[in-house]
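Residue numbers (the working numbering), protein chains in the order written: chain W, 567 to 761; chain V, 34 to 164. Backbone N, C-alpha and C fix where the C-beta goes; we use that ideal spot for every residue, glycine too. Just below is one structure, and these are the notes that go with it.
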Amino acid sequence: YSFFPGNPPPRWPDSKRDLTYSFWPGNGLTDQDKSVFTRAFARWSTVIPMTFTETDSFNSDIRIGFFSGDHGDGEPFDGVLGTLAHAFSPPSGLLHLDSEEEWVVSGDVSTSSILSAVDLESVVVHEIGHLLGLGHSSIEEAIMYPSISSRTRKVELAQDDIEGIQKLYGKNPNYNGSSPLTPAIQERETNGGQY
Amino acid sequence: ILLPNISSIPPGFLPNVTAPAWDSFKKFLGCRPGEKFNGLAKIKQYFHYFGYIPNSPSNFTDDFDDVLESALRTYQQNFNLKVTGELDQQTLNKIVQPRCGNADIINGTTTMNSGKWTAFNTTSPFHTVGH
């Protein structure tokens, strides 16, 4: 694991442990789309003492949007595949996804007939790591490894991710240390990958 | 494009009309230090974008120079590839994979190697746009 540069590395202040998040209204996401983000946030809040709550106001701590090409932050997206998303270090709270990707919200992405299909939850879990202060990891199994093949699903936090994020925020007192997943999420994944 | 149930979409329903962003890099397979190859500047821009080359993109040439070799070696180390300093198959396969747009190296500091930070011999700030 790694952190963004800084001494100490940037993280959300102690007064901010219950963060709100919202979606760019122009994207018009469905409840099913938004549920992907709920699950992704839950994976991190399972291991650290932080909570994430959706709000309708785009004045939230974390602001999420799908954009294409040059979208005003100096980091334009490049169309199909290439860069998929990016997120800013704490406490910026900006998470941008490339709207030109073929994002898979549900279903078995590995059997997709669309070669460039990208699993949305896998990328969102990674980007939330950045929002919280993690940089990239060299460990391929880690969520914070920089690249992911299309038609691949990788959503479970690895030990490397957990150690890194707990160094920044401490451990969730309810986290038992054996599994990063809540039983509910684990059950869904062992039942054929459907949500 | 948000696909609510990928399993229900029949083959060919959504055609793959656009080549992935970095597909053109595959033509650089086998390029080695000291060679010149048309378009190689683009792969330098790639490495610049992700923090491996500190120079300004306007300076890039199509030469496989020391700067590119050094970037390749660092990239190969970060991604646990065999460090060859060449555009070999394993490295190109990794380069063309879709990835996060955040840089791997920020302000001349790579943080990808597990649990530690490694300072590089550069003082030039690059790719610092708030990430």
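Is W/V689 near V/A54, with beta carbons less than 8 angstroms apart?
Numbered from its first residue, the first sequence carries residue 689 of chain W at position 123. Numbered from its first residue, the second sequence carries residue 54 of chain V at position 21. No, the Cβ-Cβ distance between W/V689 and V/A54 is not below 8 angstroms.
Check whether W/P579 and W/F624 have beta carbons under 8 angstroms apart
Start at 1 with the first residue of the first sequence, and residue 579 of chain W comes out as number 13. Start at 1 with the first residue of the first sequence, and residue 624 of chain W comes out as number 58. No; because the gap between Cβ atoms is not below 8 angstroms, this pair is not in contact.
Within-8 angstroms CB hit, W/W669 to chain V:
In the first sequence, the residue the question calls residue 669 of chain W occupies position 103. So yes, W/W669 belongs to the interface.
Could you check what DSSP says for W/K733 in three-state terms: helix, strand or coil?
Indexing the first sequence from 1 puts residue 733 of chain W at position 167. The answer is helix: DSSP assigns W/K733 an H, G or I state.
Below-8 angstroms beta-carbon distance, V/D137 vs any chain W residue:
What you label residue 137 of chain V is simply residue 104 of the second sequence in a count that begins at 1. For V/D137, the answer is yes, since a Cβ of chain W falls inside 8 angstroms of its Cβ.
Per DSSP, V/K115 is paired with what?
Your numbering for residue 115 of chain V matches position 82 in the second sequence. According to DSSP, V/K115 bridges with nothing at all.
Which same chain residues end up closer than 6 angstroms to W/G701 when comparing Cβ atoms and leaving out the 5 residues on each side of it in sequence?
Here residue 701 of chain W is taken as the residue at index 135 of the first sequence, counted from 1. Closer than 6 angstroms at the Cβ level, and outside the excluded window around W/G701, lie S568, F569 and F570.
Supposed contact pair W/T621 and W/S658 - C-beta distance, whole angstroms, cut 8 angstroms:
By one-based count along the first sequence, residue 658 of chain W stands at place 92. By one-based count along the first sequence, residue 621 of chain W stands at place 55. No, W/S658 and W/T621 are not in contact; Cβ-Cβ is about 17 angstroms, not under 8 angstroms.
Rounded straight-line distance, which links the Cα of W/H637 to that of W/A651
Counted from its first residue, the first sequence places residue 651 of chain W at position 85. Counted from its first residue, the first sequence places residue 637 of chain W at position 71. When rounded, the distance between both Cα atoms is 12 angstroms.
Own chain, CB closer than 7 angstroms to W/F618, minus 5 neighbours either side, in chain order:
By one-based count along the first sequence, residue 618 of chain W stands at place 52. So the list reads L585, Y587, F607 and S611, once near-sequence residues are dropped.
Going by alpha carbons, who is nearest to W/G635 out of V/G134, V/Q78, V/G141 and V/V129?
Here the question's residue 635 of chain W lines up with position 69 in the first sequence. Taking only the C-alpha atoms, the option nearest W/G635 is V/G134.
Compute the distance between the beta-carbons of V/K77 and V/F61, then report whether it is under 8 angstroms.
To locate residue 77 of chain V, count along the second sequence from 1; it is residue 44. To locate residue 61 of chain V, count along the second sequence from 1; it is residue 28. Cβ atoms of V/K77 and V/F61: not closer than 8 angstroms.
CA-CA distance, W/S703 and W/P712?
Taking the first sequence and counting its residues from 1, one reaches residue 703 of chain W at position 137. Taking the first sequence and counting its residues from 1, one reaches residue 712 of chain W at position 146. Going by the C-alpha atoms only, they are around 7 angstroms apart.
On the premise that W/P656 lies in contact with W/L723, defined as a C-beta separation below 8 angstroms, what is that separation, rounded to the nearest angstrom?
In the first sequence, counting from the first residue as 1, residue 723 of chain W sits at position 157. In the first sequence, counting from the first residue as 1, residue 656 of chain W sits at position 90. Not quite, the Cβ-Cβ distance comes to about 18 angstroms (not below 8 angstroms), so this is no contact.
Using CA coordinates, which residue listed in W/F654, W/S672 and W/S665 is at the minimum distance from W/D597?
What you label residue 597 of chain W is simply residue 31 of the first sequence in a count that begins at 1. Checking every option, the nearest Cα to that of W/D597 belongs to W/S672.
By Cβ distance, which residues of its chain are closer than 8 angstroms to W/Q732, with the 5 residues on each side in sequence left out?
Along the first sequence, one-based indexing puts residue 732 of chain W at 166. The answer, listed in chain order, is V613 and I614.
Do W/R717 and W/S676 have their beta-carbon atoms positioned less than 8 angstroms apart in this structure?
Taking the first residue of the first sequence as position 1, residue 676 of chain W is located at position 110. Taking the first residue of the first sequence as position 1, residue 717 of chain W is located at position 151. Yes, they are a contact pair.
Whole-angstrom distance between W/L660 and W/D727, CA atom to CA atom
By 1-based counting over the first sequence, the position of residue 727 of chain W is 161. By 1-based counting over the first sequence, the position of residue 660 of chain W is 94. Their backbone Cα atoms lie some 20 angstroms apart in a straight line.
Counted within 10 angstroms of its Cβ, other Cβ atoms place W/E753 as buried (16 or more) or exposed:
Here residue 753 of chain W is taken as the residue at index 187 of the first sequence, counted from 1. Bear in mind that the predicted position of W/E753 carries a pLDDT of just 36, short of 50, making it unreliable; the figure below should be weighed with that in mind. Result: exposed.
Strictly by DSSP, which residues pair up with W/T619?
Locating residue 619 of chain W in the first sequence gives position 53, counting from the first residue. For W/T619, which the question treats as bridged, DSSP gives the partners W/T586.
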